[in-house]
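Residue numbers (our numbering), protein chains in the order written: chain U, 4 to 121; chain F, 4 to 121.
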């Protein structure tokens with residue numbers, strides 16, 4: 004058993020469509036990596052996930068989305084290319100706003116959180 | 004691609020000790036089930052996880068905790084028994100308070116959340 008030391012509350016948010024996950028931390032991370040790398044192949048390599056897994060995540064996001072988020076095409080030397088849509092960029096911005104609100108909330112609830120005060 | 008329908012933000016919190024997970028949704032669920040069932044064996048069966056996995060989760064929680072949460076013993080016909088400590092009950096209560104604050108926060112951020120307003 005450890006003695007007193009720093010405990011704190013972390014958290015994350017995810018966007019659902021009904022019971023179905025639309026964008027959670029994993030999808031968000033992939034999205035950002037695609038924006039950075041410009042290709043699904045490079046993004047999957049940098050995230051150390053398989054191309055197929057990244058493709059499936061992306062495909063599912065696009066399917067659930069009311070408008071396409073990222074337009075991708077298979078083939079070519081780099082294994083495919085990607086273009087993020089304006090709607091995709093707006094969704095990312097919205098998520099980051101909500102994340103920022105979440106972080107403020109977490110800071111607040113951590114202020115009076117002390118596991119060792121009992 | 005689906006047409007407009009209900010999107011909403013969900014979230015969860017977890018208590019960390021530094022970089023180490025202390026209690027997240029899975030641990031919380033096990034904890035509650037143990038309180039309900041009074042034994043780790045029954046709890047693991049009801050959660051459809053292996054006894055060994057439940058034992059490992061519990062053991063790790065107790066190890067990270069500044070005081071024991073659940074005192075368990077192996078053996079006996081039912082595969083072992085459990086006693087939740089007062090500290091364990093207080094931790095659960097604290098988590099539920101924070102969860103309740105989290106739910107209020109999520110309600111607030113969902114008020115002005117509309118993915119289809121772009």
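Backbone N, C-alpha and C define an ideal beta-carbon position, used for all residues, glycine too. Keep in mind that this is a model prediction, so the values were computed, not measured.
Residue 52/U and residue 62/U have their C-alpha atoms spaced approximately 15 Å apart. Contact of residue 114/F with chain U is not assigned, every C-beta pair being separated by 8 Å or more. For residue 12/F, the pairing in a beta bridge is given by DSSP as 18/U. With a contact defined as Cβ atoms closer than 8 Å, residue 98/F and residue 31/F qualify at about 6 Å. The beta carbon of residue 64/F sits closer than 7 Å to the beta carbons of 25, 26, 30, 72 from its chain, once the five residues preceding and following it are set aside; these are given in chain order. Among the bridge pairs identified by DSSP, residue 74/U is matched with 86/U.
When Cβ-Cβ separations below 8 Å define contact, residue 102/U makes no contact with chain F. Secondary structure note for residue 50/U: it is in no alpha helix (DSSP H), with a DSSP letter that is neither H nor E. For residue 11/F, the nearest CB of chain U lies under 8 Å from its own CB, placing it at the interface with that chain. Beyond the five residues adjoining it in sequence on each side, residue 10/F comes within less than 7 Å, by CB distance, of 118 in the same chain, given in chain order.
Under the 8 Å criterion on CB atoms, residue 91/F is classed as non-interfacial with respect to chain U. Judged by DSSP secondary structure, residue 33/F falls within the alpha helix (DSSP H) whose first and last residues are 28 to 40.
In terms of Cβ geometry, residue 14/U and residue 106/F do not form a close pair [threshold 8 Å]. Judged by beta-carbon spacing, residue 47/F lies beyond the 8 Å limit of residue 85/F, meaning their Cβ atoms are not closer than that value. Not a single CB atom of chain F sits nearer than 8 Å to the CB of residue 62/U. One thing to note: residue 108/U has its Cβ within 8 Å of the Cβ of residue 108/F. Distance from the CA atom of residue 18/F to the CA atom of residue 54/F, rounded to whole angstroms, is 23 Å. The Cβ neighbour count for residue 91/U, taken over all protein chains shown within 10 Å, is at least 16; the residue is labelled buried.
DSSP places residue 24/F in the strand class (E or B) of the three-state scheme.
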